[in-house]
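In the UniProt record's numbering, the protein residues as written are 1 to 569.
Idealized CB from N, CA, C, for every residue including glycine.
Working notes, beginning with the structure itself.
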């Protein structure tokens, strides 16, 4: 019957997609126009012919020599598959069959099978190369069936960590979402054409799909060659996208978001326009400081971004009580062009009965409300992955991704292979947040030893200063102690570091961090966060002999001198 379909080339009788195995376990996928398929797993995607939209990002048809594929990752345990859509193409669009044939020769021996299958049709053809990033390998060892729900037993196919499936019901349910996306895009581009900046605020309760919608919206704008620059304001310190938890930041997004936060944690200075360290993930402890940081980040966008730019605000899933007041503040501050209320998610009784009223003065030009469909079973009928990792576990994954450059291999035991930085204690300032309670001077070094600390700097635009207490124990060779509260300056975020150890004789502190500390002009402030730590399993995975070699690492540490502790307190 399959041969008969190929001979007659009756496209309506062809399956929506077909896969072929090429060289080195590469998979060639032929997807019929107008059809959608879903994928759990990860790999590198290369478009060979036709048009392909991956999670709302339109793949470019680049030259074979210059394009190595886009990385995508949609873990099975996180319940959200990647979406591959082949749009209908016009008969006037050129379909480069000859070039496709040349490309297929490079990746499979019996490439004529694909050509015969295509015949006179115009399907989308793309290539998936097996590839799993180091952080995903580490997570996969911690969480069984993290990437896909079944692993091949054949050693030859063990590298393949992706699978494709259909779900026509889900495709029909999300068709309305695509229309909303088009309305949002048209509204924003029209406003940008008037040389005006556009602010988009998605909001909703936990689990409503804000992060997924935000990524796909960013991808849609980045796909449009006429779209102005896209910026992201991270206003959810508990579920951040590009930095670990406890931070709020502003950045320009230049690449599509096709994987999970653990895969794109950044620590380079040039990738972050402005970032602050809030101190923890529980915003209820820092509401006034939260609002102040948000205002600073938004003002930075209005001053530094080109005219016509787009700002997408990544909001928290807190829409009742103080959370609704924070949302009101965000709306009053930004006057968004588009507001998007994603209904559903993990709503309690109070949230179901709560209606967030958008401020009536200067309301959004476009208000969108819809329920986002989140879960796609593997086969459209069977059981799904069940409850995914908790937000706390996902924060651990992101922290792992942040420190990834310090892992020499794809195993946790390789974390301590990189030598630490050594800094003289007298050049450091330890900042105590007011909410942490009193700590005696002679306990401070013990309190930060083998702990995660935020490396921070002062905001030069803030007239307020830190509250300096004194030198620890009155000793000029020990760090300065300071206090940060709502009346002191905000702390600009530089990065995170693990205090690897303290040498009391050499008066040095050793830091493990992916940052290049030698690029800093002055010694960073050390600030402890609230429930912001490295995952416990990084430490429990170390063998005793690896921990004992810590003293040896001190002698090969990257020690350097800061000219002075030049902060103006």
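Q: Could you check how far apart the C-beta atoms of residue 584 and residue 234 are, in whole angstroms? I think they sit under 8 Å.
A: No information on residue 584 is available, as it lies outside the stretch 1 to 569 that the chain covers here.
(Q) Judging by CA-CA distance, which residue of 74, 444, 537 is the nearest neighbour of residue 413? (A) The residue with the shortest Cα to Cα distance from residue 413 is 537.
Q.
What does the Cβ neighbour count give for residue 34, buried or exposed, with the cut at 16 atoms within 10 Å?
A. Residue 34 comes out exposed.
Q: Can you check DSSP and say which residues form a bridge with residue 364?
A: In the DSSP assignment, residue 364 is bridged to no other residue.
Q: Tell me whether residue 579 sits in a helix, a strand or coil according to DSSP, three-state version.
A: Summary: the structure shown does not reach residue 579, with the chain confined to residues 1 through 569, and so no result is reported for it.
Q. Would you say the segment 510 to 528 touches the segment 489 to 499, given that touching needs at least three Cβ pairs under 8 Å?
A. Short answer: they touch.
Q: Pick helix, strand or coil for residue 267, following the three-state DSSP scheme.
A: Secondary structure at residue 267: coil, using DSSP grouped into helix, strand and coil.
(Q) Alpha carbons only, please: which of 20, 430, 278, 210 is nearest the one belonging to residue 110? (A) Per the Cα distances, 20.
Q: Report back the beta-carbon spacing between residue 31 and residue 124 to the nearest angstrom; my notes put them in contact at under 8 Å.
A: Between residue 31 and residue 124, the beta carbon gap of about 5 Å places them in contact (Cβ cut-off 8 Å).
**Q.** Cα-Cα separation between residue 58 and residue 144, rounded to whole angstroms
**A.** Note on geometry: alpha-carbon atoms of residue 58 and residue 144 lie some 32 Å from one another.
Q. Using 8 Å as the threshold, is the segment 180 to 193 in touch with the segment 206 to 221, meaning 3 or more CB pairs across them?
A. Cβ pair count under 8 Å is three or more, so yes.
Q: Could you check how far apart the C-beta atoms of residue 498 and residue 534 are, in whole angstroms? I think they sit under 8 Å.
A: Going by Cβ atoms, the distance from residue 498 to residue 534 rounds to 6 Å, so yes, they are a contact pair.
Q | Cβ neighbours of residue 39 in the same chain (closer than 7 Å, five flanking residues each side left out) | A | So the list reads 74, 81, 82, 84, 162, 163, 164, once near-sequence residues are dropped.
Q: Closer than 7 Å by C-beta to residue 391: which residues in its own chain qualify, once you throw out the five before and the five after it? Chain order, please.
A: Around residue 391: 238, 239.
**Q.** Option in 115, 487, 86 with minimal Cα separation from residue 97
**A.** Here the closest residue by C-alpha is 115.
**Q.** Best match in 70, 320, 209 for proximity to residue 284 [C-alpha to C-alpha]
**A.** Closest by alpha carbon: 320.
Q. According to the neighbour-count rule (16 or more other Cβ atoms, all chains shown, within 10 Å of its Cβ), is residue 504 buried or exposed?
A. It is exposed - the Cβ of residue 504 has fewer than 16 other Cβ atoms within 10 Å.
Q. Would the beta-carbon of residue 530 fall within 8 Å of that of residue 236?
A. Not closer than 8 Å, so no.
**Q.** One or two residues paired with residue 570 in a DSSP bridge
**A.** Given a span of 1 to 569 for the chain in the structure shown, any question on residue 570 remains unanswerable.
Q.
Distance check for residue 206 and residue 140, CA to CA, integer angstroms please.
A. Put simply, the backbone Cα of residue 140 is about 25 Å away from that of residue 206.
**Q.** Nearest residue (CA-CA) to residue 48, options 28, 407, 326, 132
**A.** When the alpha-carbon of residue 48 is set against those of 28, 407, 326, 132, the nearest one is in 28.
Q. Relative to the alpha-carbon of residue 428, which residue among 26, 468, 460 has its alpha-carbon at the smallest distance?
A. When only C-alpha atoms are compared, the closest one is 468.
Q) Which of the three DSSP states, helix, strand or coil, is assigned to residue 462? A) Coil, per DSSP.
Q. For the candidate residues 279, 262, 243, 105, whose alpha-carbon lies nearest to that of residue 136?
A. That would be 262, whose Cα lies nearest to the Cα of residue 136.
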